[in-house]
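Letter by letter, the sequence shown follows residues 200 to 684 in the numbering used here. A virtual CB, placed ideally from N, CA and C, is assigned to each residue, including glycine. Nothing here was measured: the structure is a model prediction, and the numbers come from that model.
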Amino acid sequence: MSRFITIENLSSYMCQLKSIVSSLLCDHTSMKCVDSSSSSFEFFSCPIKLIEELNIIHPYHSLIIETLETFHNKYDGCSCKTLLFFFITFYNHLQILFDKNNQLIQKKIFNYLEQFIDQSLLIAKNNFIENLYLNLNIFHRICRFQKIYSDILYEVYLYFISSKQQIIHEELIKQFDNLNHITYVKYSEEKCLFIPGTIIPINKSIKGYKRTILIDGYILEDYIHIGYNNKLKLKQTSIKSSWIYIILSILEKYSIDIILCTGTIDEKLKELNYNKRIFIENISKKIFQLFEQNFIINYLTDINEENILLLNYLEYHNDPSIIFIEKGLTIIQYVLFENLIPIKHEQFVHCLSRFRLILKKNFYLKGSGEFENNLYKYLYDNKKENLSIEYNFAYECFLECLKLFVNELLNHKELFEKNLLDDFDSKFDAWKTSIELLKIIMQIDNIILCLDRPVILNGCTIINKICVSQYKDLSVIITFNILLL
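Below, the structure written as structure tokens:
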């Protein structure tokens with residue numbers, strides 16, 4: 200039987216969240232080790248991933264974690280700590296509103312808070328943004344001085360500009376958007392490796408130009424994609440008219456060397472072609488995006504000469520097991536052991552995502568709490584006279600949250616680093632999301648928990664269903680019986 204958790208427990212729940220995010224502020228390489236079972240450990244550095252893993256029980260938890268997950272996925276981890284911190288801090292200052300049932304006052308205060316965020320966005324654009332000029336130091340500051348990541352991203356940038364006579368900003372954005380990232384285990388050292396192409400998972404030694412086809416689908420006898428009407432007959436009466444014979448004859452006719460397929464491939468077909476051709480299944484669709492659409496087909500039976508690519512397959516000079524084609528760019532991230540793959544992969548993705556966000560805007564905000572401190576001073580010095588109680592309450596609340604954020608960073612003296620850079624979009628979206636989430640929680644006035652208590656009476660099972668409804672500080676218990684025949 201689950202225990203009932205009252206609305207008053209919300210404060211202790213927020214304290215749990217605050218302790219998690221505070222323990223991860225400033226130190227961008229720290230990890231939390233969670234013993235998930237008797238023989239397994241998992242590592243986390245992102246507060247949202249850590250909160251997902253912990254068994255936190257509260258009626259609001261599913262709502263909050265779903266919001267956090269959506270935000271995390273949208274920005275690949277950027278500003279997640281900011282979202283959590285402002286959500287908790289706003290709650291602590293607005294907690295008095297939870298105890299009152301004046302919805303008009305609540306609405307006015309939230310409206311003013313949203314106005315302050317919108318005003319801050321314009322103030323930031325007009326006063327505090329810094330234009331982006333890329334050099335190694337900028338990469339270090341974006342990556343929180345995790346030099347193993349900033350150095351490799353800078354290497355990618357140098358490779359791109361060295362291959363272009365004129366740098367077009369949109370092309371640079373596209374290159375980093377299409378950048379592939381793979382994480383492998385290498386027990387000797389942790390490092391990142393730049394490959395000027397896209398790695399193809401081939402377990403054979405292969406070099407030179409090969410006739411290649413791209414299949415977006417499955418190479419199976421019964422595979423039919425949605426909307427396709429011209430079915431190949433599945434039941435055959437002779438060997439020469441069988442599906443596999445037709446496929447083999449097509450491959451022979453067009454002298455195909457390598458087949459790249461996003462789905463799976465018939466095992467018998469692979470066996471019959473083992474020494475003649477290379478079949479590679481479950482290829483990422485991201486690789487296909489490097490090519491024009493006319494090179495991609497759904498069925499081998501649709502092939503013609505225009506669909507065939509002549510790709511140059513190369514071996515990486517330091518590691519012949521790495522085969523790549525001269526399309527796109529790839530970073531290989533090596534970690535020391537298997538359990539570190541998720542957290543190290545995510546740490547790199549956070550840096551890459553922040554760089555992409557800054558690159559798209561072509562400007563950034565000063566990090567390390569410097570922007571929040573400057574914004575606090577600006578708003579404090581330019582306060583508008585307003586006799587509204589709600590306006591003044593929201594104004595004081597917003598300024599106090601900015602001040603507390605700066606102070607919290609400075610309190611981590613042994614970990615605090617100056618001169619970091621923040622992206623624009625995820626920061627302001629984090630502030631807005633924290634307010635939206637609080638508005639939803641504010642609208643919940645009842646928590647109803649249904650408990651089943653089975654009772655045996657005269658050989659029949661009766662479910663004694665108890666519904667506990669908690670409204671603020673008032674509990675109402677409703678009991679009714681269900682007879683199971």
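Let's see if you can read the secondary structure: which residues bound the alpha helix (DSSP H) around residue i?
i    : result
P541 : 540–560
L199 : Residue coverage of the chain in this structure runs from 200 to 684, which leaves residue 199 outside it and unanswerable.
F359 : 346–361
F487 : 484–487
F536 : Here F536 belongs to no alpha helix (DSSP H), and DSSP marks it neither H nor E.
I399 : Per DSSP, I399 belongs to no alpha helix (DSSP H) and is neither H nor E.
F494 : No alpha helix (DSSP H) contains F494, which DSSP labels as neither H nor E.
K219 : The amino acid occupying residue 219 in the given sequence is Ile; Lys does not appear at that position. Per DSSP, I219 belongs to the alpha helix (DSSP H) from 209–223.
I250 : 246–252
In the DSSP assignment, find the unbroken beta strand (DSSP E) run with residue i in it and report its ends.
i    : result
E241 : 239–243
P697 : Absent from the structure is residue 697, since the part of the chain shown begins at 200 and ends at 684.
K390 : 390–394
I412 : 407–414
T714 : Limits of the chain in this structure are 200 at one end and 684 at the other, which puts residue 714 out of reach.
I328 : Looking at the DSSP string, I328 is not in any beta strand (DSSP E), and its letter there is neither H nor E.
N379 : 379–384
L459 : 457–460
I640 : No beta strand (DSSP E) holds I640; the alpha helix (DSSP H) holding it covers 623–642.
F478 : 477–479
Between the options, which has its C-alpha nearest residue i's C-alpha?
i    : options                : result
L321 : H611, K273, F627       : F627
N336 : D350, N272, A323, Q215 : D350
Y383 : Y590, H544, E589, K280 : H544
N325 : F562, E569, I643, N572 : F562
I219 : F243, D234, S239       : F243
S404 : I477, A629, I634       : I477
E388 : F623, I531, K631       : I531
D317 : L468, K559, S483, L574 : L574
F375 : Y290, Y408, E466, Y358 : Y358
K526 : S520, Y512, H516, D518 : Y512
F143 : H257, F536, I347       : The displayed coordinates of the chain run from 200 to 684. Any statement about residue 143 would go beyond what the structure contains.
C214 : V355, H257, I304, S229 : H257
K452 : N493, I502, L609       : I502
I372 : Y386, Y356, T269       : Y356
F554 : Y332, S319, Y212, H292 : Y332
K560 : E369, Q302, L224       : E369
N538 : N606, N581, Y386, I640 : Y386
L608 : L223, S211, L216       : L223
Excluding five sequence neighbours on each side, which residues of the same chain lie with their C-beta closer than 7 Å to the C-beta of residue i?
i    : result
N579 : The question names Asn, but residue 579 in the sequence shown is Tyr. Excluding positions up to five away in sequence, the list reads L598.
L509 : Y408, R410
S633 : L282, F285, F286, F289
N618 : R340, S567
I542 : M230, F242, F243, S244
I438 : Here I438 scores only 48 on pLDDT, less than 50, and its place in the model is too uncertain to base an answer on.
S319 : L574
Give every residue of the same chain whose Cβ lies closer than 8 Å to the Cβ of residue i, excluding the five residues on either side of it in the sequence, and list them in chain order.
i    : result
D275 : V548, H549, L551, S552
G426 : Annotation note: pLDDT 42 at G426 (below 50); position unreliable, coordinate value reported separately. Nothing meets the Cβ criterion.
S261 : none
N377 : K485, Q488, L489, G527, L528
K432 : At K432 the pLDDT is 43, less than 50, meaning the model places this residue with poor confidence and gives no usable figure here.
N428 : Note that N428 scores a pLDDT of 47, beneath 50, so its modelled location is shaky; the value from the coordinates is reported in the next line. Closer than 8 Å at Cβ, skipping near neighbours: no residue.
Would you call the CB atoms of residue i and residue j closer than 7 Å?
i    : j    : result
Y533 : K406 : no
I495 : L413 : yes
N379 : T529 : yes
V233 : E252 : yes
I398 : I464 : no
L620 : R343 : no
F309 : K638 : yes
H271 : I247 : yes
A629 : L282 : yes
Y498 : Y311 : no
F623 : L564 : yes
T266 : L636 : yes
I366 : I360 : yes
K273 : L249 : no
G396 : I524 : yes
S278 : S625 : yes
W442 : E420 : yes
M641 : Q305 : yes
Under the criterion of a Cβ to heavy atom distance below 6 Å, does residue i qualify as lining the ligand NAD?
i    : result
N334 : No copy of the ligand NAD occurs in the structure displayed, which carries no ligand at all.
Leaving aside the five residues before and after residue i along the sequence, list all residues of the same chain whose C-beta is less than 6 Å from its C-beta, in chain order.
i    : result
E480 : C460, T463, I464
L209 : none
I328 : F562
S201 : Low per-residue confidence applies at S201: pLDDT is 31, beneath 50, and the placement is therefore not dependable, though the value from the model is reported in the following sentence. Same-chain partners within the cutoff: there are none.
I486 : T397
N330 : F562
Quiz item: Are the segment 560–574 and the segment 285–293 touching, with three or more C-beta to C-beta distances below 8 Å?
Solution: no
Quiz item: Can we say the segment 583–600 touches the segment 612–619, given the rule of at least three CB pairs closer than 8 Å?
Solution: no
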